[in-house]
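Below: the structure, in structure tokens.
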Amino acid sequence: MAGSKGNGKGKAALAERDALGMRLKSALDLLADRRRPADRDAICCRELTYNQWALLRLICEEGGGGGLPMGIIAQRLGVTPGGATRCAEPLVERGLLERRMRPGDRRVCCLMPTPRGIALRHEITAECAERERALLSRLPAEDREPIVWAIERLAQEADTLFAPAGPCCLPESPAPVEEAE
1 MAGSKGNGKG KAALAERDAL GMRLKSALDL LADRRRPADR DAICCRELTY NQWALLRLIC
61 EEGGGGGLPM GIIAQRLGVT PGGATRCAEP LVERGLLERR MRPGDRRVCC LMPTPRGIAL
121 RHEITAECAE RERALLSRLP AEDREPIVWA IERLAQEADT LFAPAGPCCL PESPAPVEEA
181 E
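When the letters of the sequence shown are read in order and numbered with the UniProt record's numbering, they come out as residues 1 to 181.
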């Protein structure tokens, strides 16, 4: 009997954990669904699709100045490499991204943000952040910091769990200089 009692507690704990996960999923979905139209307005009025915005943000935020390879970009966006290339092409044509070959392995194409791309990302992000400030202002002042901290913490854990790609297109280091004898 003692074994079955412990099993019942385990099932209850599992059900509680599952319910908490479902509540978080529902809350994040609802938040994203409510925010997305406002973000889309900021993005579309600059003649970007939502996927192009996701691509530009990814490269600016995770490229570390060295760019990201197309395969990693496709993986992070959940698209095929061909889909990532098609999504990037208009951004390259507009001068927001630049294509470069990986030093030492010219088979690997990387995308890097240009100064124009970085500036556009900043402009859109600032506009969207203004809406986030308005949302936070509706909450009691003492709740704002803990809520932002909790969301930042969730983002950090998601980043760790889903391991972002590292930069691939950093300039080659100069050849070592041989000293004269």
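Note that the Cβ used here is the ideal one computed from N, Cα and C, for glycine as well.
Asked                                                                                                                                                               : Found
With burial defined as no fewer than 16 other Cβ atoms inside 10 Å of the residue's Cβ, what is the status of Leu-24: buried or exposed?                            : exposed
CA-CA distance, Val-92 and Gly-83?                                                                                                                                  : 14 Å
Measure the alpha-carbon distance for Glu-142 versus Ala-19 and round it to whole angstroms.                                                                        : 27 Å
Pro-140: buried (16+ other C-beta within 10 angstroms of its C-beta) or exposed?                                                                                    : exposed
I'd like the ranges of any alpha helix (DSSP H) spanning at least 4 consecutive residues and lying wholly in the UniProt domain "HTH marR-type" (17 to 156).        : 50 to 62, 70 to 77, 81 to 93, 115 to 137
For Ile-43, I'd like the list of residues in its chain whose CB is within less than 7 Å of its CB, leaving aside the five on either flank, ordered along the chain. : Tyr-50, Trp-53, Ile-124
Is it right to say Gly-117 is buried, meaning 16 or more other beta carbons lie within 10 angstroms of its own, or is it exposed?                                   : buried
Near Glu-178, which residues of its chain fall below 7 Å by C-beta distance, leaving aside the five closest residues on each side in sequence?                      : Residue placement at Glu-178 is flagged as unreliable, the pLDDT there being 46, under the threshold of 50; a coordinate-derived value is accordingly withheld.
Tell whether a beta-carbon distance below 9 Å holds between Arg-121 and Leu-56.                                                                                     : yes
I'd like to check one pair, Cys-128 with Asp-39: are the Cβ atoms closer than 9 Å?                                                                                  : yes
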